[in-house]
Amino acid sequence: MNNGINNLPQVNIAGREFKSDPYPFYARLRAEAPVYRTVLPDKQAAWLITRYDDVLMVLKDDQRFVKNFRMAKSDEQLAKLPWIPPMFKPFMNNLLDSDGDVHARRRSLIHKAFTPRVIEQMRGRVETLAHELLDTAARRGQMDLVRDYALPIPLTIISEILGVPPKDREKFHKWSKTLLSLTSAGNSALLGIPPILAVIRYLRRIINERRRNPQDDLITALVQVEEAGSRLTEDELLAMIFVLLIAGHETTVNLIASGALALLQHPDQMALLRRQPELIGSAVEELVRYTGPVEQATERYASEDVALHGVTIPKGEMVLAVLASANRDERTFDNPERLDIRRENNKHLGFGQGVHYCVGAPLARLEGQIAINALVQRLPNLRLAATPEALRWRPGLTVRGMEALPVAL
Ligand code: HEM
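Next comes the structure, spelled out in structure tokens:
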């Protein structure tokens, strides 16, 4: 038995440098320490699970790996947690922080409002938007592919679905960017108070408006949704809209931008997709696998001592299932380091698995397929306008993506 600590270097898995290329470290963990204890910048311990089969097991075993840390931690462990400002509390009533019946109830309510029809209706809108953005870029001959293309598509679409007016979208993205970088960077939680207060004030106002004046949008549908007589409470509603807005754009932006970078770095695959646009379905699955827009699943907590590969994860400690590592596991994928847009039977875990499987996967696929195909078909001379080493990656846990991606057209 050991505690999983060995001679591997301690790295800051939320730091910019690590984010630029986490794959060699994960390959070492899979080989040498598949259950590995690290310390996050906020001083919390986290156990990294890096092999495919183990990641799958963690995601599916929602009895031993729970989301609600209050159910897993002892009083002593709870007392040691970093301070959480009280105004963050409403957001803890969200899908990703709940288990069992509470989660199932919230999830069934979202499924009632966020239906395949709502998503499919956006197809034409995504196409028009992608082409408008490329028209603008083509006139300039260059763009920052993140700011000018990959971000506006999912941000506009999720805002339109929910009913967030255009003038408020940039503001919302700034708040969410600050909050995402805070969660794990070890900065004081105090820095999160102004954006969180702004978000709460903003969402309460929009919810009240929709109660008074219903519209044809998802916020109205969520306000009205009712199943077996159980409406969402005000805090649940707030948390639901917040998670949808953040998960609805902070992930897909990385699929489009990192996907474009991967194709630029693999000209044979770019050329193949140009010749055969019908490959876009398998290409997007492969880009999710290869680029890891969500690098680690959100945190879970061991509800009991769990023994795995000779290591014991103590009850109450945080567990991170590293999706980006599972998706490069040589035990599961042939040539995992190769980008192969024709890959068949691609069982990647990029959208998670089990009860928390991504609610937005159909929308992410729709946006990713349209955005990447438009880019590849419309811009035959697309090329990087910076060296790969100069690209800056965003710090933080969970998502992985670039700050900017300068390209010439
Ligand atoms: C490429 C884009 C996306 C990727 C890679 C992705 C990935 C994921 C993953 C891995 C999870 C599971 C997290 C866990 O188990 O800890 C998840 C959950 C979730 N995703 Fe996505 N996502 C994407 C886009 C979206 C979009 C567009 C939306 C909304 C419109 C969305 C909404 C959600 C929600 C609400 C959950 C929580 C589900 C639950 O807890 O039951 N995602 N996503």
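Heads up: take any position in the sequence shown, counting from 1, add 56, and you land on our numbering. Cβ atoms here follow ideal geometry from the backbone N, Cα and C, with glycine treated the same way.
Check your understanding: Per DSSP, Ala-464 forms a beta bridge with which residues?
Key -> According to DSSP, Ala-464 bridges with Gln-198 and Arg-439.
Check your understanding: So what's Arg-173 in DSSP terms, helix, strand or just coil?
Key -> If DSSP states are grouped into helix, strand and coil, Arg-173 belongs with the helices.
Exercise for review: Report whether the distance from the Cβ of Ala-420 to the nearest heavy atom of the ligand HEM is below 7 Å.
Suggested key: Ala-420: yes, Cβ under 7 Å from the ligand HEM.
**Study point:** Phe-407, DSSP secondary structure in three states
**Key:** In the structure shown, Phe-407 sits in coil (DSSP, three-state: anything other than H, G, I, E or B).
Practice item. Tell me the start and end of each unbroken beta strand (DSSP E) in the segment 198 to 234 that is at least 3 residues and wholly inside, in chain order. Key: You should have 198 to 200.
Exercise for review: Measure the C-alpha to C-alpha separation of Glu-290 and Gly-366 and round it to an integer number of angstroms.
Suggested key: A straight-line Cα-Cα distance of about 45 Å links Glu-290 and Gly-366.
Review point. Does DSSP put Tyr-82 in a helix, a strand or coil?
Key: Residue state, collapsed to three classes: helix.
Practice item. Pair every Cβ in the segment 99 to 113 with every Cβ in the segment 208 to 223, then say whether three or more of these pairs are closer than 8 Å. Key: No, the segment 99 to 113 does not touch the segment 208 to 223.
Practice item. Reducing DSSP to helix, strand and coil, say where Asn-59 ends up. Key: The predicted model places Asn-59 with a pLDDT of 46, which falls under 50 and marks its position as unreliable; any figure quoted below should be read in that light. Three-state DSSP puts Asn-59 in coil, outside helix and strand.
Review point. Below 8 Å between beta carbons: does that hold for Val-309 and Val-158?
Key: The beta carbons of Val-309 and Val-158 sit no closer together than 8 Å.
**Study point:** Endpoints, alpha helix (DSSP H) assigned at Met-143
**Key:** Taken as a continuous stretch (DSSP letters only), Met-143 belongs to no alpha helix (DSSP H), as it is neither H nor E.
**Study point:** Own chain, CB closer than 8 Å to Gly-197, minus 5 neighbours either side, in chain order
**Key:** The residues are Ala-464 and Leu-465.
Exercise for review: Kindly provide the ranges of any alpha helix (DSSP H) runs that are 4 or more residues long and lie completely inside the segment 247 to 283, ordered along the chain.
Suggested key: Here the runs fully enclosed are 249 to 268 and 274 to 280.
Point to revise | Where Tyr-357 sits in the DSSP three-state scheme | key: Strand at Tyr-357.
Review point. Do Phe-121 and the ligand HEM come close, with the Cβ less than 7 Å from some heavy atom?
Key: Not one heavy atom of the ligand HEM lies closer than 7 Å to the C-beta of Phe-121.
Review point. Span of the beta strand (DSSP E) holding Ile-105?
Key: That run of the beta strand (DSSP E) goes 101 to 105.
Review point. Considering Ile-369, what are the terminal residues of the beta strand (DSSP E) in which it resides?
Key: First-last of the beta strand (DSSP E) with Ile-369: 367 to 369.
Check your understanding: From Gln-280 to Tyr-258, what distance separates their C-alpha atoms?
Key -> For Gln-280 and Tyr-258, the distance between alpha carbons rounds to 19 Å.
Point to revise | Close beta carbons around Phe-298, own chain, < 8 Å, minus the five adjacent residues each side | key: For Phe-298, where only same-chain residues beyond five positions count, the Cβ hits under 8 Å are Phe-147, Asn-150, Val-255 and Leu-259.
Exercise for review: Please report how far the alpha carbon of Pro-392 lies from the alpha carbon of Glu-423, in whole angstroms.
Suggested key: In a straight line, the C-alpha of Pro-392 is about 25 Å away from that of Glu-423.
Practice item. Please confirm whether Phe-228 and Leu-311 have their CB atoms less than 8 Å apart. Key: For the pair Phe-228 and Leu-311, the CB atoms are not nearer than the 8 Å cut-off.
**Study point:** At least three beta-carbon pairs within less than 8 Å, the segment 351 to 361 to the segment 119 to 132
**Key:** The segment 351 to 361, when compared against the segment 119 to 132, does touch it at the 8 Å Cβ threshold.
Check your understanding: Which whole-angstrom value describes the C-beta separation of Ala-353 and Ala-380, a residue pair presumed to lie in contact below a C-beta threshold of 8 Å?
Key -> Ala-353 to Ala-380, Cβ: 10 Å. No contact.
Check your understanding: Does at least one heavy atom of the ligand HEM sit under 7 Å from the Cβ of Ala-295?
Key -> With a cutoff of 7 Å, Ala-295 does not count as near the ligand HEM, since its C-beta is closer than that to no heavy atom of the ligand.
Review point. Between Pro-349 and the ligand HEM, is the CB less than 7 Å from at least one heavy atom?
Key: Proximity of the beta carbon of Pro-349 to the ligand HEM is indicated: a heavy atom of the ligand is located closer than 7 Å.
**Study point:** Tyr-346 (DSSP reduced to helix, strand or coil)
**Key:** In the structure shown, Tyr-346 sits in a helix (DSSP, three-state: H, G or I).
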